[in-house]
Structure formats: C-alpha cells, structure tokens
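Remarks on the structure that follows.
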Amino acid sequence: MSRLRVAVLASGRGSNLEALIEARDRGHLAIEIALVASDRPAARALAVAREAAIATHALEPGAFQDRAAFDRALFGDVARVQPDLIVCAGYMRLISADVVGAWLGRMINIHPSLLPAYPGLRTHARALADRAAEHGASVHFVTADLDAGPVIAQVRIPIAASDTPERLAARLLPFEHRLLVATVGLFAARRVAMAGRTVLIDGRARERPLELAADGSLA
Ligand code: GRF
C-alpha cells in the first residue's frame, strides 16, 4: 500500500502537526506530509514543518478580496501537491462551501469537544460552565457546516473539580494528539470513507464514533 499523501492546514502552535510528524518518524504512521499550509505566515506550525524539512505555504487572507478568493488560492496550492487527505489541525478559518464541496470525504478536522456538543470556540470554558462530567475531542469530516460533519472518532476524559479552561485544555491536548494519529492511521490503511452523513469503516456504516482506547487503538 502506498503512503498516504497528507496536506496539513494549521494556524497556530502546531502541536497536532508535531504529533503526526513524530508518529511518522517512529514508523507508526505510513504517511507522507506533502505540505503544511497556513493562513498565518508567523504560525509556529510553519516553523515546525520547516524544521522537519516539509514544504510550507502561507497566504495572508487580508491580501484577498473575500473568503472565496482566499480559499481558491490556498486550496489551489494544496491541490497542486495532490493530497489524498487534508488534515485541519488547528486551522482557525471557516472554509467556503464550494471549496469544502471539492474535498468532501477527503478533509478532516480535529475539534476539542465531544461533538455535537460545543461546536465553535471556547469549548473547554463552555463544558466547565455547564458542569459537564466529561470532555473530549473529535475528529470529523469537514462539511459546509462548522464542526458539524460526520464524526469519525472521539476521545473522552473526565472533568476534574480543579479544572480551569486552561488546565482542561492542557490535559486534553495529549489525548487529542493520540486521537489524531490513530484516526489518520485509519486513513493511511484506507479503512475510512464518508457516504452522505455516514462514516464507513472497512465499508460498514458506523452508528457511533469510534472511541480511543487507553492503548491508543480505536474501537
Ligand atoms: C487543538 O486544540 C485543536 O483541537 C483545535 O485547535 C488546537 C490546535 O492546537 N482545533 P495545535 O496548533 O495543533 O497545537
């Protein structure tokens, strides 16, 4: 099986990108990261990519007339590397519907909540304000609706009495990394597909998202 060609979109810190690179380097993930693209030229994620000798590309949204023009340019550059999969890993921009449509089933996002709970921003603070018993992260297919595409896999952690939004985010982050690596691993093994709003694993429809187990596997 050929290595999955991946393009990563990131706007910030790039710790999820680092997790993918590390898993690849350890031989745990049969991917080639063809490009890291960003809407923020100063994003740490781009420095992480350069350090790992991965091609990078950044465009300033302010230099374009509107969202559609920016997306056409950025995703045109992404398309040029012919990725099998686009991974949004902390990519903080909404993506226009026509571009999403072109990559349907081939673009995923990691989101720090147990979707469908808490789409959008400030997920940790909102879970705490609701006195939720647990929190987590989801990897989902990107569709035109924000954080509302079919969920492939999730990881859940209990909320502690001592959690603040910052502490909860920091405790969740390593689990996010494992979740993203394991989910991209399913794509690398060509085991995941999207059919309408349904996630197919090994060709079979899933009723619920896969869950990350303590040993890092998905079941
Ligand atoms: C992560 O919490 C991810 O779930 C969210 O944005 C954050 C990105 O972190 N979408 P990093 O840039 O990968 O470190």
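Using the numbering used here, the first residue of the sequence shown is number -17, and each one after it goes up by one.
Even glycine gets a Cβ: it sits at the ideal position worked out from N, Cα and C.
Nearest residue (CA-CA) to residue i, options the options
i: residue 168; options: 99, 135, 104; result: 135
i: residue 109; options: -5, 117, -7; result: 117
i: residue 197; options: 183, 164, 106, 45; result: 164
i: residue 10; options: 79, 73, 170; result: 170
i: residue 43; options: 72, 77, 29; result: 77
i: residue 106; options: 146, 83, 82, 81; result: 146
i: residue 66; options: 177, 183, -15, 181; result: -15
Whole-angstrom C-beta distance between residue j and residue i, which should lie under 8 angstroms
i: residue -17; j: residue 172; result: 7 angstroms
i: residue 94; j: residue 158; result: 6 angstroms
i: residue 97; j: residue 129; result: 6 angstroms
i: residue 166; j: residue 2; result: 6 angstroms
i: residue -6; j: residue 34; result: Contact flag wrong, Cβ pair sits at about 17 angstroms.
i: residue 202; j: residue -1; result: No statement about residue 202 is possible, as the shown extent of the chain runs from -17 to 201 and does not include it.
i: residue 154; j: residue 139; result: 6 angstroms
i: residue 20; j: residue 40; result: 4 angstroms
For residue j and residue i, the rounded distance between their alpha carbons
i: residue 70; j: residue 92; result: 7 angstroms
i: residue 270; j: residue 18; result: There is simply no residue 270 to check, as the chain begins at -17 and stops at 201 in what is shown.
i: residue 27; j: residue 14; result: 17 angstroms
i: residue 50; j: residue 124; result: 17 angstroms
i: residue 192; j: residue 199; result: 10 angstroms
i: residue 54; j: residue 194; result: 35 angstroms
i: residue 150; j: residue 103; result: 14 angstroms
i: residue 75; j: residue -4; result: 15 angstroms
i: residue 79; j: residue 188; result: 25 angstroms
i: residue 4; j: residue 72; result: 17 angstroms
i: residue 29; j: residue 152; result: 21 angstroms
Residue i at chain D interface by Cβ criterion, 9 angstroms
i: residue 102; result: In the structure shown, chain D does not exist; there is a single protein chain.
Same chain, Cβ closer than 7 angstroms to residue i, five either side skipped, listed in chain order
i: residue 68; result: -11, -9, 60, 85, 88, 89
i: residue 201; result: 192, 193, 195
i: residue 114; result: 141
Same chain, Cβ closer than 6 angstroms to residue i, five either side skipped, listed in chain order
i: residue 131; result: 122, 123, 124, 125
i: residue 137; result: 118, 119, 157, 161, 194
i: residue 36; result: 15, 18
i: residue 23; result: 40
i: residue 52; result: 43, 46
Beta-carbon proximity list for residue i, same chain, < 8 angstroms, skipping 5 on both sides
i: residue 101; result: 93, 95, 128, 129, 130
i: residue 185; result: 175
**Q.** Three CB pairs or more closer than 8 angstroms across the segment 55 to 65 and the segment -13 to 0
**A.** At 8 angstroms Cβ cutoff, the stretches touch.
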